[in-house]
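Please read the structure below before turning to the comments.
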Amino acid sequence: MPELPEVEVTRRALIPLVVGRRVQALHHRDPARYRGTELAAGRRVEAIRRRGKFLLFALSGGFELVVHLGMSGGFRLGPTAHTRVVLELEGVALYYHDPRRLGRFWVVPAGDYREVPLLLRLGPEPFDPAFSPDYLFARLRATRRPVKAVLLDQTVVAGVGNIYGDEALFRARVRPTRRGHRVTRREAGALVEGVRAVLEEAIAAGGSTLRDRSYRRVDGTIGYFQVQLSVYGRAGEPCPVCGTPIRRTVIQGRSAHYCPRCQR
DNA sequence: ATAGGCGCCTGTAAGC
DNA sequence: TGCTTACAGGCGCCTA
Numbered sequence: 002m003p004e005l006p007e008v009e010v011t012r013r014a015l016i017p018l019v020v021g022r023r024v025q026a027l028h029h030r031d032p033a034r035y036r037g038t039e040l041a042a043g044r045r046v047e048a049i050r051r052r053g054k055f056l057l058f059a060l061s062g063g064f065e066l067v068v069h070l071g072m073s074g075g076f077r078l079g080p081t082a083h084t085r086v087v088l089e090l091e092g093v094a095l096y097y098h099d100p101r102r103l104g105r106f107w108v109v110p111a112g113d114y115r116e117v118p119l120l121l122r123l124g125p126e127p128f129d130p131a132f133s134p135d136y137l138f139a140r141l142r143a144t145r146r147p148v149k150a151v152l153l154d155q156t157v158v159a160g161v162g163n164i165y166g167d168e169a170l171f172r173a174r175v176r177p178t179r180r181g182h183r184v185t186r187r188e189a190g191a192l193v194e195g196v197r198a199v200l201e202e203a204i205a206a207g208g209s210t211l212r213d214r215s216y217r218r219v220d221g222t223i224g225y226f227q228v229q230l231s232v233y234g235r236a237g238e239p240c241p242v243c244g245t246p247i248r249r250t251v252i253q254g255r256s257a258h259y260c261p262r263c264q265r
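Position one of the first sequence corresponds to residue 2 (our numbering), numbered consecutively onward.
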């Protein structure tokens with residue numbers, strides 16, 4: 002399911018349900034995927050933060066529950082056919098739904114992310130001033146990888162995934178296959194702006210629910226940003242700007258969509 | 001450094 | 001209809 006907007010929408014929905022409540026128990030049958038969860042029992046949830054695509058639940062007593070939703074994870078208010086973890090809190094239960102089981106939980110001492118190497122290596126948040134045109138330009142200039150691969154690299158910027166990567170490139174009018182070192186300073190600036198704009202709009206729309214309808218908000222409703230997607234999943238359809246058919250290609254083993262006329 | 005492939009998992013849609 | 005294949009919002013690891 003989730004890229005940064007879906008994770009952020011999840012975070013905002015969970016705050017009023019969870020913050021201030023004590024965790025009574027955390028049930029599951031997969032200690033390899035959901036690690037150290039016995040450490041959460043009896044602790045109060047003090048805050049929920051987000052870093053890239055990770056959710057960070059601050060627990061009383063100096064612990065933290067780190068959650069990564071993988072491709073199909075999400076929280077629901079009731080059980081589903083693919084409930085993998087049940088979080089029992091005072092007065093509420095949360096059901097972690099994850100058909101593909103690619104999501105992971107870790108309970109760790111607060112801020113101790115040695116078990117979550119990617120979290121340690123994450124690049125700047127997209128809305129942080131550190132994710133600046135100069136910064137992105139420098140990162141692009143240093144590599145021959147396709148620019149889309151650079152945007153998907155969580156150590157470059159945290160939270161961009163396959164959908165919003167394509168959309169940001171479309172807005173910046175840069176073709177996803179372009180090599181990093183051939184991106185101009187001006188284009189790097191447009192990419193920073195494109196990433197921020199698309200993420201912001203997607204958060205405001207409650208995230209994107211694609212054709213398979215697998216992404217749902219915590220209350221079970223869908224997100225509406227898919228109606229505003231310009232290129233993602235639209236191969237063969239006309240570009241919303243110039244009408245040229247959208248093309249699909251593969252970069253890093255993942256589909257990439259672009260307008261061959263608007264994006265050079 | 002980087003591309004390509006596979007693995008982790010399961011579900012759904014498309015193609016024959 | 002039934003079977004097979006491709007593909008899916010993520011990420012880590014291996015080989016060349």
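Just so it is clear, CB atoms sit at the ideal spot from N, CA and C, and this is done for glycine as well.
Problem set entry | Selection from F138, L230, P241 that minimises the alpha carbon distance to D167 | L230
Exercise. Are there three or more Cβ pairs, one per stretch, closer than 8 Å when the segment 144 to 152 is compared with the segment 173 to 185?
Worked result: yes
Exercise. So which of T210, T250, P239 has the shortest CA-CA distance to M72?
Worked result: T210
Exercise. Across which residues does DSSP place H28 in a beta bridge pair?
Worked result: V87
For this session: Would you kindly report the start and end of the unbroken beta strand (DSSP E) that includes P110?
Result: 105 to 110
Problem set entry | Supposed close pair E65, V117 - CB separation, criterion 8 Å | Contact flag wrong, Cβ pair sits at about 10 Å.
Exercise. Buried or exposed: where does Q1 fall if 16 or more other Cβ atoms within 10 Å of its Cβ makes it buried?
Worked result: Not covered by the structure: residue 1. The range shown for the chain is 2 to 265.
Exercise. CA-CA distance, Y134 and G234?
Worked result: As written in the sequence, residue 134 is Pro, which differs from the Tyr given in the question. The straight-line gap from Cα to Cα measures roughly 28 Å.
For this session: Would you please state the rounded distance, in angstroms, between the beta carbons of V219 and L27? I believe it to be under 8 Å.
Result: In fact, because the Cβ distance is near 17 Å, the residues do not count as touching under 8 Å.
Problem set entry | E188, DSSP secondary structure in three states | helix
Exercise. Smallest Cα separation from T144: which of R172, D154, H182?
Worked result: H182
Exercise. Just to confirm, are R34 and E126 a CB contact at a threshold of 9 Å?
Worked result: For R34 and E126, no; Cβs fall outside 9 Å.
Exercise. Could you give the distance in angstroms between the alpha-carbon of E4 and the alpha-carbon of F106?
Worked result: 17 Å
Exercise. Between the beta-carbon of G195 and the beta-carbon of F226, is there less than 9 Å?
Worked result: no
For this session: Tell me whether F128 is buried or exposed, calling it buried when 16 or more other Cβ atoms sit within 10 Å of its Cβ.
Result: exposed
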